[in-house]
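Trainee:
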Amino acid sequence: MRILESEPRHEPVLLAAVVEWLAPRHDAVYVDATLGFGGHTAALVDAGAGRVVGIDRDAGALELARRRLGGRADRVTFVHDDYRRVPAVLAALGLAEVDGIVADLGVSSMQIDEASRGFSFRQAGPLDMRMDRASGPTLAERLADVDDGELADVIFQLGDERHSRRIARAIVAARDRGALTDTAALASVVRRAAGGKGWQRIDPATRTFQALRIWVNDELSGLRTFLDVAPGCLAVGGRLAVIAFHSLEDRAVKQRFRALGTDDARYRVCTKRPLSPDEAECARNPRATSAHLRVLERVA
Numbered sequence: 002m003r004i005l006e007s008e009p010r011h012e013p014v015l016l017a018a019v020v021e022w023l024a025p026r027h028d029a030v031y032v033d034a035t036l037g038f039g040g041h042t043a044a045l046v047d048a049g050a051g052r053v054v055g056i057d058r059d060a061g062a063l064e065l066a067r068r069r070l071g072g073r074a075d076r077v078t079f080v081h082d083d084y085r086r087v088p089a090v091l092a093a094l095g096l097a098e099v100d101g102i103v104a105d106l107g108v109s110s111m112q113i114d115e116a117s118r119g120f121s122f123r124q125a126g127p128l129d130m131r132m133d134r135a136s137g138p139t140l141a142e143r144l145a146d147v148d149d150g151e152l153a154d155v156i157f158q159l160g161d162e163r164h165s166r167r168i169a170r171a172i173v174a175a176r177d178r179g180a181l182t183d184t185a186a187l188a189s190v191v192r193r194a195a196g197g198k199g200w201q202r203i204d205p206a207t208r209t210f211q212a213l214r215i216w217v218n219d220e221l222s223g224l225r226t227f228l229d230v231a232p233g234c235l236a237v238g239g240r241l242a243v244i245a246f247h248s249l250e251d252r253a254v255k256q257r258f259r260a261l262g263t264d265d266a267r268y269r270v271c272t273k274r275p276l277s278p279d280e281a282e283c284a285r286n287p288r289a290t291s292a293h294l295r296v297l298e299r300v301a
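Sequential numbering from 2 applies to the sequence shown in this note's numbering.
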């Protein structure tokens with residue numbers, strides 16, 4: 002079976018759109034709630050942002066971003082924390098409100114490419130998948146006592162995988178016989194259970210690995226908390242820009258923004274429909290294909 006692998010390099014998605022909607026000013030403060038490799042932060046600084054607070058759960062990502070930003074780093078405050086705690090982060094910095102927030106959801110290409118992180122189905126690594134390696138159970142620990150029914154629900158609901166029950170049974174069986182030694186072994190189990198022959202545009206392990214990553218990091222719960230607290234951190238005229246790649250994430254953003262725009266006079270939804278990358282960006286960066294950008298503004 003020949004499989005098309007995901008692109009190995011990281012490129013920030015919808016960069017120009019984020020800069021356009023946040024409209025950075027030299028006298029304003031912005032938050033990159035998912036700093037990653039620092040692509041959106043670099044663009045904000047280059048466009049004139051006076052200060053950016055860069056938050057990430059991954060301590061390694063913070064260090065990489067600091068190095069990548071080079072001379073721009075003196076206008077960035079780097080914070081190792083979870084984006085759902087953005088009000089506490091700002092309070093600790095003495096900031097009551099900010100003029101814009103961007104969140105690029107999901108896992109970055111650099112995390113996928115580092116085998117030791119356990120995100121990749123393309124190379125052998127530990128069964129980890131934690132974005133913050135200092136806290137929470139690893140994938141191996143989550144899989145240790147899960148039954149195939151619960152696991153099938155995780156894979157179906159978070160990965161949109163139609164073979165979820167077959168895959169879950171195969172994973173649990175492999176676990177019980179001690180065959181889940183690393184991510185390569187897990188991917189092999191998933192591929193065999195998913196079936197399919199010949200060339201496939203998407204690796205058969207993609208959806209399952211996505212589901213397991215979201216499960217390990219409790220990403221949907223974290224997103225809902227972030228969407229509850231982040232709008233209150235905006236100054237009047239400030240905007241919250243969220244880029245989602247998964248349908249469940251985008252639905253959560255859409256519903257929260259719609260509720261605020263309808264029920265709370267302080268907020269306005271700027272994007273009636275999500276913004277998507279154009280053909281040129283998708284061709285240049287395949288990761289961008291499923292991206293959706295939604296923007297909320299505090300107006301009063």
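Just so you know, even glycine gets a beta-carbon here, dropped at the ideal spot from N, CA and C. The model shown is predicted, which means the values in this text are computed figures rather than measured ones.
1. For LEU5, which of helix, strand or coil comes out of DSSP?
2. Does the contact criterion of 3 or more C-beta pairs under 8 Å hold for the region 81–96 versus the region 215–233?
3. Any idea if LEU94 is buried or exposed, counting beta-carbon neighbours within 10 angstroms, 16 or more meaning buried?
4. Identify, in the order they occur along the chain, each residue of the same chain with its Cβ nearer than 7 Å to the Cβ of ARG295, setting aside the five sequence neighbours on each side.
5. Taking just the CA atoms, how far does ALA89 sit from ARG52?
6. Are the CB atoms of GLY37 and LEU235 within a distance shorter than 9 Å?
7. On the three-state DSSP scale, how would you describe SER295?
8. By the 10 Å Cβ neighbour count, where 16 or more other Cβ atoms means buried, how is GLY160 classified, buried or exposed?
9. Would you tell me roughly how many angstroms separate the C-alpha atoms of GLY238 and ARG26, rounded to the nearest one?
10. Buried or exposed for LEU5, going by 16 or more other Cβ atoms inside 10 Å?
11. Are the beta-carbon atoms belonging to ARG208 and GLU162 less than 9 Å from one another?
12. I believe PHE246 touches GLY107 by the beta-carbon criterion, under 8 Å. Please report the beta-carbon distance rounded to the nearest angstrom.
13. Going by alpha carbons, who is nearest to LEU15 out of GLU298, VAL300, ARG288?
14. I need the straight-line Cα distance from CYS58 to ARG193, nearest angstrom please.
15. Is the CB-CB distance between ILE203 and VAL190 below 9 Å?
16. Hey, could you find the ends of the beta strand (DSSP E) VAL243 is sitting in?
17. Kindly indicate which three-state DSSP category THR139 falls into: helix, strand or coil?
18. Between LEU152 and ALA169, is the Cβ-Cβ spacing less than 9 Å?
19. Is GLU280 closer than 9 Å to ARG240 when the C-beta atoms are compared?
20. Quick one: Cα of THR78 to Cα of GLY55, how far?
21. Going by alpha carbons, who is nearest to ALA212 out of ALA195, ALA185, VAL155?
22. Grab me the residues of ALA74's own chain with a C-beta within less than 6 Å of its C-beta, minus the 5 sequence neighbours each way, in chain order.
23. Restricting to runs no shorter than 4 residues, where is the alpha helix (DSSP H) found entirely within the region 10–93?
24. Check the Cβ-Cβ distances between LEU241 and every residue of chain D, and say whether any is below 9 Å.
25. Assign PRO13 to one of two classes, buried (16 or more other C-beta atoms within 10 Å of its C-beta) or exposed (fewer than that).
26. Buried or exposed, going by whether 16 or more other CB atoms sit within 10 Å of the CB of ALA135?
27. Measure the CB-CB distance between ALA60 and HIS81 and report whether it falls below 9 Å.
28. Please list, in chain order, all residues of the same chain as ASP33 whose beta carbon is under 6 Å from its beta carbon, the five residues on each side excluded.
29. Can you tell which of ARG267, ALA260, ASN286, ALA231 has the C-alpha that lies nearest to the C-alpha of THR35?
30. SER248: buried (16+ other C-beta within 10 angstroms of its C-beta) or exposed?
Mentor: Working from what's here:
1. The residue labelled residue 5 in the question sits at position 4 within the sequence shown. Its pLDDT being 32, under 50, LEU5 is placed unreliably in this model, and the value from its coordinates should be taken loosely. LEU5: coil per DSSP, three-state reduction.
2. yes
3. Locating residue 94 in the sequence shown gives position 93, counting from the first residue. It counts as exposed.
4. Within the sequence shown, the letter at position 294 stands for residue 295. Apart from sequence neighbours up to five positions away, the residues of its chain that approach ARG295 with a beta-carbon distance below 7 Å are VAL243, VAL254, LYS255, PHE258, THR272, PRO275, ordered along the chain.
5. Here residue 52 refers to the residue found at position 51 when the sequence shown is read from its first residue. Here residue 89 refers to the residue found at position 88 when the sequence shown is read from its first residue. Looking at the two C-alpha atoms, the distance is approximately 18 Å.
6. The sequence position of residue 235 within the sequence shown is 234, counting from 1. The sequence position of residue 37 within the sequence shown is 36, counting from 1. It is not a contact, given that the beta carbons lie outside the stated cut-off.
7. What you label residue 295 is simply residue 294 of the sequence shown in a count that begins at 1. Checking the displayed sequence, the identity of residue 295 turns out to be Arg instead of Ser. Note: ARG295 maps to strand in three-state DSSP.
8. Position 159 of the sequence shown holds residue 160. With 16 or more Cβ atoms within 10 Å of its Cβ, GLY160 is classed as buried.
9. By one-based count along the sequence shown, residue 238 stands at place 237. By one-based count along the sequence shown, residue 26 stands at place 25. Rounded to the nearest angstrom, the two C-alpha atoms are 12 Å apart.
10. Position 4 of the sequence shown, counted from the start, is the residue given in the question as residue 5. Confidence at LEU5 is low in this model, with a pLDDT of 32, below 50, so its placement is unreliable and the value that follows should be read with caution. That one is exposed.
11. For the purposes of this step, residue 208 is taken as residue 207 along the sequence shown, with counting starting at 1. For the purposes of this step, residue 162 is taken as residue 161 along the sequence shown, with counting starting at 1. Yes, the Cβ-Cβ distance between ARG208 and GLU162 is below 9 Å.
12. As a working mapping, residue 246 is identified with position 245 in the sequence shown. As a working mapping, residue 107 is identified with position 106 in the sequence shown. About 5 Å; that satisfies the 8 Å criterion.
13. Walking along the sequence shown from the start, residue 15 turns up at place 14. Nearest of GLU298, VAL300, ARG288 to LEU15, Cα basis: ARG288.
14. Walking along the sequence shown from the start, residue 58 turns up at place 57. Walking along the sequence shown from the start, residue 193 turns up at place 192. Looking at the sequence shown, residue 58 is not Cys but Arg. Taking the straight line joining both Cα atoms gives about 33 Å.
15. Taking the first residue of the sequence shown as 1, we reach residue 203 at position 202. Taking the first residue of the sequence shown as 1, we reach residue 190 at position 189. Taking the C-beta atoms as reference points, VAL190 is found no nearer than 9 Å to ILE203.
16. Translated into the one-based positions of the sequence shown, residue 243 becomes position 242. It spans 235–245 - the beta strand (DSSP E) in which VAL243 sits, taken as one unbroken run.
17. Here residue 139 corresponds to residue number 138 of the sequence shown, with the count starting at 1. It is coil, neither helix nor strand.
18. Numbered from 1 along the sequence shown, position 151 holds the residue referred to as residue 152. Numbered from 1 along the sequence shown, position 168 holds the residue referred to as residue 169. Their beta carbons are under 9 Å apart, which means LEU152 touches ALA169 by this criterion.
19. Along the sequence shown, one-based indexing puts residue 240 at 239. Along the sequence shown, one-based indexing puts residue 280 at 279. No, the pair does not count as a contact, with Cβ atoms beyond the cut-off.
20. Indexing the sequence shown from 1 puts residue 78 at position 77. Indexing the sequence shown from 1 puts residue 55 at position 54. Rounded to the nearest angstrom, the two C-alpha atoms are 6 Å apart.
21. Against the sequence shown, residue 212 aligns to sequence position 211. Of the listed residues, the one whose Cα sits closest to ALA212 is VAL155.
22. Along the sequence shown, read from residue 1 onward, the residue named residue 74 stands at position 73. Only ARG67 meet the Cβ criterion.
23. 16–23, 40–47, 60–70, 87–93
24. Judged by its chain identifiers, the structure shown contains no chain D, having just a single protein chain.
25. Within the sequence shown, residue 13 is the residue found at index 12, counting from 1. So PRO13 counts as buried.
26. Here residue 135 refers to the residue found at position 134 when the sequence shown is read from its first residue. Counting Cβ neighbours within 10 Å, ALA135 comes out exposed, since fewer than 16 surround it.
27. Residue 60 sits at position 59 when you count from the first residue of the sequence shown. Residue 81 sits at position 80 when you count from the first residue of the sequence shown. Less than 9 Å separates the beta-carbon of ALA60 from that of HIS81.
28. For this step, residue 33 is matched to residue 32 along the sequence shown. For ASP33, where only same-chain residues beyond five positions count, the Cβ hits under 6 Å are HIS41, THR42, VAL53, GLY55, VAL103.
29. Within the sequence shown, the letter at position 34 stands for residue 35. That would be ALA231, whose Cα lies nearest to the Cα of THR35.
30. Translated into positions along the sequence shown, residue 248 becomes position 247. Exposed: under 16 other Cβ atoms inside 10 Å.
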